[in-house]
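Below: one structure, written as structure tokens.
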Amino acid sequence: MEAGGVSKGPGKPGFGANQGVSVLDFVLRIVAFVCTLGSAIAMGTTNETLPFVTQFIRFRARFNDLPTFTFFVVANSVASAYLFFSLPLSIFHIIKSGSQNSRIVLVILDTLVQALVIAGASASAAIVYLAHKGNTRTNWFSICQQFNSFCERTSGSLIGSFGAAVILMLLVLLSGIALARR
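Here the sequence shown stands for residues 1097 to 1278, numbered as in our numbering.
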């Protein structure tokens, strides 16, 4: 037994729990990666043109017409790349569940990426709300009755991004639990 009454050898109490937390961390990273990648792809490929066209005007809605949606795609792409490149470190934690320094680095980076994802999703949520509801005081009209596919795709990508933000919160909590168990 080591100090504090927690033993860290195979078959002893404390070894399986830390390894279980590391496996859950790995699975949650994969799910968050899929959520952020799916959200970035869904928003980045959102484009709708209305079927009627006049001689001089064509009605089209694209994600890059709004800088907020561009930020959303970049934020989710960065988060997706980070989550992909953090998978080997998560595998390392499964193999060697007693490492602390790399877990502290992951907690810091997970928190930063979580803030980035929440910032992109929150800003885009405001724009999607305006697209659905409009604002009569400022004469901004709801466009979702005309651009139905555009609004469905942007709303769906927000769901994936907020899901990834919740998973990133869980990852920070799991890393905190794993660090506290040492």
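No residue lacks a Cβ here, since even glycine has one placed at the ideal position from N, Cα and C.
Query	Result
Quick one: grab the DSSP three-state call for Ala1231.	Before going further, note that residue 1231 is Asn rather than Ala in the sequence given. Reduced to three states, the DSSP call for Asn1231 is strand.
Would Leu1185 pass as a contact of Leu1202 if the rule is Cβ separation under 9 Å?	yes
Quick check on the DSSP output: what are the complete alpha helix (DSSP H) runs of length 4 or more inside the region 1181-1246, in order along the chain?	1197-1229
Gly1222: buried (16+ other C-beta within 10 angstroms of its C-beta) or exposed?	The residue you asked about is not Gly; residue 1222 is Ala in the sequence shown. With fewer than 16 other Cβ atoms within 10 Å, it is exposed.
Are at least three pairs of beta-carbons, each pair with one atom in the region 1127-1138 and one in the region 1170-1182, less than 8 Å apart?	yes
Tell me whether Ala1276 is buried or exposed, calling it buried when 16 or more other Cβ atoms sit within 10 Å of its Cβ.	exposed
What residues in its chain sit with their C-beta under 8 Å from that of Gly1101, if we drop five residues either side in the sequence?	Unreliable positioning characterises Gly1101 in this predicted model, as indicated by a pLDDT of 44, which lies under 50. A coordinate reading is not provided.
From Leu1269 to Thr1234, what does the alpha carbon distance come to, in whole angstroms?	42 Å
Is it buried or exposed for Ser1245, if we count other Cβ within 10 angstroms and need 16 for buried?	exposed
Given a threshold of 16 other Cβ atoms within 10 Å of its Cβ, counted over all protein chains shown, does Ala1211 qualify as buried or as exposed?	exposed
Decide if Ile1263 is buried, meaning its Cβ has at least 16 other Cβ atoms within 10 Å, or exposed.	buried
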